[in-house]
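See below for the structure under consideration.
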Amino acid sequence: MTPEQEEAVRRALASEGSPGPMPRELADRLDATLAKLASERSRQSGEPTGERPTGQPTAGRADRSSVSPASELSMARRRRWPRLLVAAASVAVLGVGIGSLRDDMRSGSADSAAGGIAAEDAPAPEGSTRDHARKGADGQLPESAPLPSLTRQQADELRDGDLRLSLQQRPARLRSDSLALDVLRVRDRAAQDYALSEDADDPGDAASGSNLDTAARLVFACTLPATDRGDLIAAVRLDGERGTLVLHKTLAGDRVAEVYACADPGRLLASTSADE
(Lines of atoms letter the chains of each structure in order from A and count residues from 1; the text may use other names and numbers.)
(Lines give C-alpha, C1' and ligand atoms only; values in the text may rest on other atoms or scores of the structure.)
Protein backbone atom coordinates (compact mmCIF):
# COMPACT_ATOMS: atom_id res chain seq x y z
CA MET A 1 0.00 0.00 0.00
CA THR A 2 1.40 3.37 -0.94
CA PRO A 3 1.49 6.29 1.54
CA GLU A 4 -1.26 7.96 -0.48
CA GLN A 5 -3.49 4.89 -0.18
CA GLU A 6 -2.82 4.64 3.56
CA GLU A 7 -3.78 8.28 4.04
CA ALA A 8 -6.96 7.72 2.00
CA VAL A 9 -7.85 4.82 4.28
CA ARG A 10 -7.23 6.96 7.39
CA ARG A 11 -9.48 9.71 6.07
CA ALA A 12 -12.22 7.24 5.24
CA LEU A 13 -11.99 5.66 8.69
CA ALA A 14 -12.09 9.05 10.40
CA SER A 15 -15.23 10.08 8.51
CA GLU A 16 -17.26 7.06 9.56
CA GLY A 17 -19.53 7.10 12.57
CA SER A 18 -19.55 4.45 15.29
CA PRO A 19 -22.82 2.46 15.58
CA GLY A 20 -21.46 0.26 18.41
CA PRO A 21 -18.85 -2.29 19.46
CA MET A 22 -17.90 -5.22 17.26
CA PRO A 23 -18.41 -8.85 18.38
CA ARG A 24 -15.17 -10.25 19.80
CA GLU A 25 -15.08 -13.24 17.47
CA LEU A 26 -15.40 -11.02 14.40
CA ALA A 27 -12.75 -8.66 15.76
CA ASP A 28 -10.26 -11.49 16.21
CA ARG A 29 -10.87 -12.75 12.70
CA LEU A 30 -10.36 -9.29 11.24
CA ASP A 31 -7.13 -8.83 13.19
CA ALA A 32 -5.80 -12.13 11.88
CA THR A 33 -6.79 -11.29 8.30
CA LEU A 34 -5.23 -7.83 8.43
CA ALA A 35 -2.01 -9.18 9.95
CA LYS A 36 -1.79 -11.79 7.22
CA LEU A 37 -2.30 -9.16 4.50
CA ALA A 38 0.37 -6.92 6.00
CA SER A 39 2.79 -9.84 6.28
CA GLU A 40 2.28 -10.85 2.66
CA ARG A 41 2.80 -7.31 1.42
CA SER A 42 5.94 -6.93 3.55
CA ARG A 43 7.44 -10.05 2.05
CA GLN A 44 6.70 -8.75 -1.44
CA SER A 45 8.22 -5.32 -0.75
CA GLY A 46 11.10 -6.52 1.44
CA GLU A 47 10.00 -4.30 4.35
CA PRO A 48 9.62 -5.52 7.97
CA THR A 49 5.98 -6.04 8.96
CA GLY A 50 5.86 -3.71 11.95
CA GLU A 51 8.09 -0.79 10.98
CA ARG A 52 8.72 1.71 8.23
CA PRO A 53 11.91 1.94 6.12
CA THR A 54 14.95 3.63 7.70
CA GLY A 55 15.04 7.40 7.39
CA GLN A 56 11.33 8.02 7.98
CA PRO A 57 10.11 9.69 11.23
CA THR A 58 9.05 7.37 14.02
CA ALA A 59 8.29 9.51 17.08
CA GLY A 60 5.14 11.28 18.13
CA ARG A 61 1.45 10.41 18.04
CA ALA A 62 0.77 12.78 15.16
CA ASP A 63 3.33 10.90 13.04
CA ARG A 64 1.65 7.62 12.12
CA SER A 65 4.37 6.36 9.82
CA SER A 66 5.78 4.11 12.57
CA VAL A 67 2.53 2.13 12.74
CA SER A 68 2.01 -0.63 10.22
CA PRO A 69 -1.19 -0.62 8.15
CA ALA A 70 -2.37 -3.76 9.93
CA SER A 71 -1.82 -2.26 13.39
CA GLU A 72 -3.54 1.01 12.59
CA LEU A 73 -6.50 -0.68 10.97
CA SER A 74 -6.77 -3.02 13.95
CA MET A 75 -6.91 -0.10 16.37
CA ALA A 76 -9.47 1.71 14.24
CA ARG A 77 -11.49 -1.45 14.05
CA ARG A 78 -11.89 -1.49 17.81
CA ARG A 79 -13.55 1.93 17.60
CA ARG A 80 -15.80 1.32 14.60
CA TRP A 81 -17.73 -1.36 12.78
CA PRO A 82 -15.68 -3.13 10.11
CA ARG A 83 -17.32 -2.03 6.88
CA LEU A 84 -14.57 0.38 5.94
CA LEU A 85 -11.90 -1.96 7.22
CA VAL A 86 -13.03 -4.44 4.64
CA ALA A 87 -12.76 -1.63 2.10
CA ALA A 88 -9.24 -0.86 3.35
CA ALA A 89 -8.17 -4.47 2.89
CA SER A 90 -9.61 -4.36 -0.62
CA VAL A 91 -7.59 -1.23 -1.35
CA ALA A 92 -4.40 -2.90 -0.16
CA VAL A 93 -4.94 -6.07 -2.18
CA LEU A 94 -6.83 -4.91 -5.26
CA GLY A 95 -5.97 -1.22 -5.53
CA VAL A 96 -9.64 -0.26 -5.59
CA GLY A 97 -10.47 3.42 -5.10
CA ILE A 98 -11.81 4.43 -1.68
CA GLY A 99 -14.57 6.62 -3.07
CA SER A 100 -16.04 3.96 -5.31
CA LEU A 101 -15.85 1.34 -2.56
CA ARG A 102 -17.75 3.51 -0.10
CA ASP A 103 -20.41 4.26 -2.69
CA ASP A 104 -20.76 0.58 -3.52
CA MET A 105 -21.10 -0.46 0.12
CA ARG A 106 -23.69 2.21 0.88
CA SER A 107 -25.81 1.01 -2.01
CA GLY A 108 -26.37 -2.18 -0.01
CA SER A 109 -28.23 -4.93 -1.73
CA ALA A 110 -30.40 -2.64 -3.84
CA ASP A 111 -28.75 -3.90 -7.00
CA SER A 112 -29.31 -7.58 -6.19
CA ALA A 113 -30.88 -9.47 -9.04
CA ALA A 114 -34.58 -10.07 -8.49
CA GLY A 115 -36.19 -13.32 -9.50
CA GLY A 116 -39.07 -13.54 -11.96
CA ILE A 117 -39.79 -12.48 -15.50
CA ALA A 118 -39.34 -9.08 -17.15
CA ALA A 119 -42.32 -6.75 -17.02
CA GLU A 120 -42.77 -7.21 -20.72
CA ASP A 121 -43.53 -10.80 -19.79
CA ALA A 122 -45.10 -10.30 -16.39
CA PRO A 123 -45.84 -7.12 -14.40
CA ALA A 124 -46.67 -7.87 -10.78
CA PRO A 125 -49.91 -6.87 -9.03
CA GLU A 126 -50.42 -5.07 -5.74
CA GLY A 127 -52.29 -7.44 -3.48
CA SER A 128 -54.68 -9.85 -5.17
CA THR A 129 -54.65 -10.45 -8.91
CA ARG A 130 -57.86 -8.45 -9.27
CA ASP A 131 -56.26 -5.38 -7.68
CA HIS A 132 -54.58 -2.64 -9.63
CA ALA A 133 -51.16 -3.63 -10.92
CA ARG A 134 -48.12 -1.84 -9.53
CA LYS A 135 -47.03 1.17 -11.56
CA GLY A 136 -43.79 3.10 -11.78
CA ALA A 137 -43.32 6.80 -11.27
CA ASP A 138 -44.31 7.45 -14.88
CA GLY A 139 -47.58 5.54 -14.56
CA GLN A 140 -46.25 2.54 -16.44
CA LEU A 141 -45.69 -0.93 -15.07
CA PRO A 142 -42.21 -1.65 -13.68
CA GLU A 143 -39.49 -3.00 -15.92
CA SER A 144 -39.11 -6.21 -13.93
CA ALA A 145 -41.31 -8.11 -11.54
CA PRO A 146 -42.20 -11.70 -10.66
CA LEU A 147 -45.34 -13.36 -11.97
CA PRO A 148 -48.21 -13.52 -9.47
CA SER A 149 -49.50 -16.88 -8.32
CA LEU A 150 -53.01 -17.95 -9.31
CA THR A 151 -55.72 -17.93 -6.69
CA ARG A 152 -57.91 -20.98 -6.17
CA GLN A 153 -60.81 -19.19 -7.89
CA GLN A 154 -58.72 -18.37 -10.93
CA ALA A 155 -57.46 -21.94 -11.18
CA ASP A 156 -61.05 -23.18 -10.97
CA GLU A 157 -62.13 -20.79 -13.71
CA LEU A 158 -59.39 -22.10 -15.96
CA ARG A 159 -60.17 -25.73 -15.22
CA ASP A 160 -63.91 -25.25 -15.76
CA GLY A 161 -63.39 -23.39 -19.03
CA ASP A 162 -64.85 -20.11 -17.80
CA LEU A 163 -61.70 -18.37 -19.01
CA ARG A 164 -59.97 -19.03 -22.31
CA LEU A 165 -56.48 -17.63 -22.46
CA SER A 166 -53.87 -17.19 -25.11
CA LEU A 167 -50.98 -19.51 -24.25
CA GLN A 168 -48.31 -17.00 -25.17
CA GLN A 169 -45.44 -16.63 -22.71
CA ARG A 170 -45.05 -12.86 -23.07
CA PRO A 171 -47.33 -9.96 -23.97
CA ALA A 172 -48.17 -9.84 -27.66
CA ARG A 173 -47.07 -6.61 -29.32
CA LEU A 174 -49.89 -4.66 -30.94
CA ARG A 175 -49.75 -1.41 -32.88
CA SER A 176 -52.58 1.00 -33.46
CA ASP A 177 -51.83 1.30 -37.17
CA SER A 178 -52.03 -2.49 -37.67
CA LEU A 179 -54.33 -3.47 -34.83
CA ALA A 180 -56.72 -5.66 -36.83
CA LEU A 181 -53.91 -7.74 -38.32
CA ASP A 182 -52.12 -8.00 -34.99
CA VAL A 183 -55.29 -9.24 -33.28
CA LEU A 184 -55.78 -11.88 -35.98
CA ARG A 185 -52.23 -13.03 -35.37
CA VAL A 186 -52.96 -13.45 -31.65
CA ARG A 187 -56.18 -15.31 -32.46
CA ASP A 188 -54.49 -17.68 -34.91
CA ARG A 189 -51.65 -18.39 -32.52
CA ALA A 190 -54.12 -19.21 -29.74
CA ALA A 191 -56.04 -21.54 -32.04
CA GLN A 192 -52.84 -23.39 -32.91
CA ASP A 193 -51.84 -23.71 -29.27
CA TYR A 194 -55.21 -25.09 -28.23
CA ALA A 195 -55.29 -27.47 -31.19
CA LEU A 196 -52.14 -29.09 -29.81
CA SER A 197 -53.91 -29.83 -26.52
CA GLU A 198 -57.09 -31.32 -28.01
CA ASP A 199 -55.80 -34.85 -27.45
CA ALA A 200 -55.58 -34.35 -23.68
CA ASP A 201 -57.68 -36.83 -21.65
CA ASP A 202 -59.17 -34.00 -19.62
CA PRO A 203 -60.02 -30.65 -21.30
CA GLY A 204 -58.89 -28.99 -18.09
CA ASP A 205 -55.39 -30.43 -18.50
CA ALA A 206 -54.46 -27.40 -20.58
CA ALA A 207 -54.71 -25.30 -17.44
CA SER A 208 -52.25 -27.49 -15.60
CA GLY A 209 -49.48 -27.35 -18.19
CA SER A 210 -46.52 -25.07 -17.64
CA ASN A 211 -47.34 -22.98 -20.72
CA LEU A 212 -50.86 -22.17 -19.65
CA ASP A 213 -49.78 -21.69 -16.06
CA THR A 214 -47.29 -19.02 -17.12
CA ALA A 215 -49.78 -17.46 -19.55
CA ALA A 216 -52.49 -17.38 -16.89
CA ARG A 217 -50.29 -15.70 -14.29
CA LEU A 218 -49.18 -13.26 -16.98
CA VAL A 219 -52.79 -12.33 -17.77
CA PHE A 220 -53.82 -12.09 -14.12
CA ALA A 221 -50.97 -9.66 -13.48
CA CYS A 222 -53.39 -7.07 -14.83
CA THR A 223 -56.81 -6.18 -13.48
CA LEU A 224 -59.15 -7.93 -15.90
CA PRO A 225 -62.21 -6.34 -17.50
CA ALA A 226 -65.57 -8.09 -17.52
CA THR A 227 -65.65 -11.07 -19.87
CA ASP A 228 -68.10 -13.72 -21.00
CA ARG A 229 -67.59 -17.44 -21.32
CA GLY A 230 -65.97 -18.12 -24.69
CA ASP A 231 -64.03 -14.84 -24.88
CA LEU A 232 -60.30 -15.13 -25.55
CA ILE A 233 -58.05 -13.15 -23.20
CA ALA A 234 -54.42 -12.28 -23.88
CA ALA A 235 -51.73 -10.14 -22.29
CA VAL A 236 -50.57 -7.48 -24.76
CA ARG A 237 -48.64 -4.27 -25.23
CA LEU A 238 -50.42 -1.71 -27.40
CA ASP A 239 -47.93 0.85 -28.69
CA GLY A 240 -45.77 -0.06 -25.70
CA GLU A 241 -48.48 0.26 -23.04
CA ARG A 242 -49.34 -2.87 -21.11
CA GLY A 243 -52.92 -4.01 -21.50
CA THR A 244 -55.38 -6.88 -21.80
CA LEU A 245 -56.84 -8.00 -25.11
CA VAL A 246 -60.37 -9.39 -24.99
CA LEU A 247 -61.37 -11.12 -28.21
CA HIS A 248 -65.11 -11.51 -27.76
CA LYS A 249 -66.93 -14.55 -29.07
CA THR A 250 -68.72 -14.13 -32.37
CA LEU A 251 -72.19 -12.60 -32.10
CA ALA A 252 -74.47 -12.16 -35.10
CA GLY A 253 -71.54 -12.77 -37.41
CA ASP A 254 -69.35 -10.12 -35.84
CA ARG A 255 -66.36 -10.59 -33.57
CA VAL A 256 -65.03 -7.56 -31.70
CA ALA A 257 -61.60 -7.22 -30.13
CA GLU A 258 -60.98 -4.70 -27.35
CA VAL A 259 -57.80 -3.69 -25.55
CA TYR A 260 -58.08 -2.41 -21.97
CA ALA A 261 -55.48 -0.69 -19.79
CA CYS A 262 -53.69 -3.12 -17.51
CA ALA A 263 -54.24 -1.23 -14.25
CA ASP A 264 -57.61 0.30 -15.20
CA PRO A 265 -60.00 -2.18 -16.85
CA GLY A 266 -62.50 0.62 -17.30
CA ARG A 267 -60.21 2.42 -19.73
CA LEU A 268 -60.60 1.15 -23.29
CA LEU A 269 -57.40 1.71 -25.24
CA ALA A 270 -58.59 0.52 -28.64
CA SER A 271 -61.07 -1.74 -30.40
CA THR A 272 -61.33 -3.35 -33.81
CA SER A 273 -63.19 -6.00 -35.73
CA ALA A 274 -61.59 -9.43 -35.65
CA ASP A 275 -63.32 -10.64 -38.80
CA GLU A 276 -61.08 -11.59 -41.69
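Numbering (the working numbering) for the sequence shown: -13 to 262.
Backbone N, C-alpha and C fix where the C-beta goes; we use that ideal spot for every residue, glycine too.
Asked	Found
Buried/exposed call for Arg150, threshold 16 Cβ in 10 Å	buried
Distance between Ala24 and Phe206 (C-alpha atoms, nearest Å)	58 Å
Beta strand (DSSP E) segment containing Thr213, residue limits	Taken as a continuous stretch (DSSP letters only), Thr213 belongs to no beta strand (DSSP E), as it is neither H nor E.
Distance between Val232 and Thr209 (C-alpha atoms, nearest Å)	12 Å
Residues that Tyr180 bridges to, as DSSP identifies them	Note: Tyr180 sits in no beta bridge, so no partner.
Contact check, Ala221 vs Gln154, beta carbons under 9 Å	yes
Alpha-carbon to alpha-carbon, Glu(-7) and Glu26	20 Å
Separation of Val169 from Ala260, as counted between CA atoms	7 Å
Within 9 Å, strictly: CB atoms of Arg253 and Arg159	no
Three-state class that DSSP yields for Ser152 in the structure shown	coil
Where Ala(-6) falls: helix, strand or coil (DSSP)	helix
Inter-residue spacing [alpha-carbon to alpha-carbon] between Gly226 and Arg175	20 Å
Distance between beta carbons of Ala249 and Leu255, contact taken as under 8 Å	Their Cβ separation, rounded to whole angstroms, is 12 Å, which puts Leu255 and Ala249 out of contact at 8 Å.
Reduced DSSP secondary structure (H/G/I, E/B, other) of Gly229	strand
Thr258, DSSP secondary structure in three states	strand
Beta bridge counterpart(s) of Glu244 as assigned by DSSP	Val232, Ser257
Nearest-angstrom Cα separation, counted from Arg(-4) out to Asn197	57 Å
Candidates Glu(-10), Ser162, Val172, Arg156, of which the one nearest Leu218 by Cα	Val172
Under the three-state DSSP convention, the category Arg29 falls into	helix
Between the CA atoms of Gly239 and Leu204 - distance to the nearest angstrom	30 Å
Distance CB(Pro211)-CB(Pro251) smaller than 9 Å	yes
Ala181 versus Gly229 - alpha carbon distance	25 Å
Same chain, Cβ closer than 8 Å to Arg241, neighbours up to 5 away in sequence not counted	Leu233, His234, Lys235, Ser259, Ala260, Asp261
Short Cβ contact (9 Å threshold) for Leu165 with Val245	yes
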